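Residue numbers (this note's numbering): 66 to 353.
We put the beta carbon where it would ideally sit given N, CA and C, even for glycine.
Predicted model only: the values in this text are computed from it and were never measured.
Worksheet for the structure shown next.
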Amino acid sequence: MDVVRTRADLQAWHEAHPGSLGVVPTMGNLHAGHLDLVDAARAENDRVAVSIFVNPTQFGPNEDYDRYPRTLAADEAALRARGCDLLFAPDVPTMYPPGAETVVVPGRVAEPLCGHFRPGHFQGVATVVTLLFQMLRPTRAYFGQKDWQQGMVLRRLVLDLAFPLEIILCPTRREDDGLAMSSRNQYLSAEDRRRAIAIPAALQAVTRAYEAGERRIGRLQALLTAQLAREPALTVQYAEVVDAETLQPVDPLGDRPAVAAVAAFLGPTRLIDNVLLGEGRSLLRTRS
Ligand code: AMP
């Protein structure tokens, strides 16, 4: 595996390595969910590149940018063992040189859910992913369904700005008890870690109701809220059932797929999770 930190070295790497390239953008502190994306990329491309960059522009002023876990040596070893070909680990000035001021502003899909509570977050994501697409030139780029709204924002980015690549959303990897894997899980106390399973349990209850034929969005949403309320330590930021593509409310649900999405705090730690309801396959692979 080659480790590259600068734009010039990346350019040289491209010249030496023609063929298709699967790209997995991450913020590091890699877990099995990230490595699933590496496997998916390897299965469909000549080579695989992973980027590790804790992107300052997608964190709000009171968020965890400074204390976000940075574990580059362990990540590098995990990627080598997984057969990754290239690790791109730029520093902040490589991504945002002095004077950088151009941004990518996503549309309405970035407004609800996390977008409402994290102003500027998806602009930061869209901007850094645009930069990574320009630098890494993926044939295909792989993201996780765990960040469903991010996936829909990036789907529109690829369609609207005609990026010549395919974007693929891979299934959420979960711990044995159902909690979605996340670098932020390690912030949880042992007690809060046990309580956190209330989130996937509530989403599973909604899935069961949907599979039993419930299509009234009010009912599904009430069920989600009631299930989450069973864990009093959870402070729910949002718990919504919305159209899976536009993330707008729809009632009643027609044939279009929906997503049930939750953001909740356990102490200071914010966790997100979601489940796709219905046939959403067409949203999982997008090319412009
Ligand atoms: P992050 O490092 O948290 O920015 O995540 C990098 C990529 O991995 C994003 O596309 C995430 O959606 C994806 N990802 C994070 N957690 C998981 C998970 N538990 N399962 C699958 N993909 C994930």
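Check whether the Cβ atoms of residue i and residue j lie closer than 8 Å to each other.
{"i": "GLY332", "j": "ASP257", "result": "yes"}
{"i": "VAL340", "j": "VAL271", "result": "yes"}
{"i": "GLN286", "j": "VAL190", "result": "no"}
{"i": "LEU349", "j": "TYR275", "result": "no"}
{"i": "VAL119", "j": "GLY93", "result": "yes"}
{"i": "VAL103", "j": "VAL88", "result": "no"}
{"i": "GLN302", "j": "PHE182", "result": "yes"}
{"i": "LEU137", "j": "ALA326", "result": "no"}
{"i": "GLY345", "j": "ALA298", "result": "no"}
{"i": "ASP101", "j": "ARG238", "result": "yes"}
{"i": "ARG280", "j": "PRO314", "result": "no"}
{"i": "LEU230", "j": "PRO90", "result": "no"}
{"i": "GLN215", "j": "LEU312", "result": "no"}
{"i": "THR71", "j": "THR159", "result": "yes"}
{"i": "ALA77", "j": "CYS235", "result": "no"}
Please determine, among the options, the residue with the shortest C-alpha to C-alpha distance to residue i.
{"i": "HIS79", "options": "GLY180, GLN199 and ILE117", "result": "GLN199"}
{"i": "THR334", "options": "ALA326, ALA255 and VAL307", "result": "ALA255"}
{"i": "ILE233", "options": "ALA73, HIS96 and ASN110", "result": "ASN110"}
{"i": "PHE330", "options": "PRO83, ALA114, ARG260 and LEU152", "result": "ARG260"}
{"i": "SER247", "options": "GLY216, ILE262 and LYS211", "result": "LYS211"}
{"i": "GLU240", "options": "LEU219, GLY216, TYR252 and PRO265", "result": "PRO265"}
{"i": "ILE117", "options": "GLU279, ALA294 and VAL193", "result": "VAL193"}
{"i": "LEU336", "options": "LEU86, HIS181 and ILE262", "result": "ILE262"}
{"i": "ALA108", "options": "GLN251, ALA245, TRP213 and SER85", "result": "SER85"}
{"i": "MET217", "options": "THR351, THR195 and ARG281", "result": "THR351"}
{"i": "THR290", "options": "VAL307, ARG280 and ALA267", "result": "ALA267"}
{"i": "ASP156", "options": "PRO121, GLU166, GLY180 and GLY164", "result": "PRO121"}
{"i": "PRO83", "options": "HIS99, ARG70, LEU95 and VAL113", "result": "VAL113"}
{"i": "GLN251", "options": "THR71, PRO163 and HIS96", "result": "HIS96"}
{"i": "ALA328", "options": "LEU288, ARG284, LEU293 and SER347", "result": "LEU293"}
{"i": "GLU358", "options": "GLU176, ARG295, ASP320 and GLY283", "result": "Since the first and last residues shown for the chain are 66 and 353, residue 358 lies out of range."}
{"i": "LEU75", "options": "ALA277, ALA106, TYR130 and ARG202", "result": "ARG202"}
{"i": "GLY125", "options": "GLU296, ALA81, GLY180 and ALA245", "result": "GLY180"}
{"i": "ALA245", "options": "ALA81, ALA73, MET66 and HIS99", "result": "HIS99"}
{"i": "PRO134", "options": "ARG249, SER353 and GLY278", "result": "ARG249"}
State yes or no: is the C-beta of residue i nearer than 7 Å to some heavy atom of the ligand FAD?
{"i": "LEU102", "result": "The ligand FAD is absent from the structure shown, which contains only the ligand AMP."}
| query | Can we say the segment 129-147 touches the segment 203-219, given the rule of at least three CB pairs closer than 8 Å? | reply | no
| In the segment 204-230, which residue ranges form an unbroken alpha helix (DSSP H) of at least 4 residues, counting only runs that do not cross its ends? | 213-225
| Touch check for the segment 168-180 and the segment 220-234: three-plus C-beta pairs under 8 Å? | yes
| query | Does the segment 150-159 come close enough to the segment 178-189 to have 3 or more Cβ pairs within less than 8 Å? | reply | no
| field | Segments assigned beta strand (DSSP E), at least 3 residues, entirely inside the segment 129-181 | value | 151-153
| query | What are the uninterrupted segments assigned as beta strand (DSSP E) that are 3 or more residues long and contained completely in the segment 75-136, given in chain order? | reply | 86-91 and 112-117
| said: Just to confirm the assignment: which complete beta strand (DSSP E) runs, minimum length 3, are found wholly within the segment 245-317? | reply: 299-308
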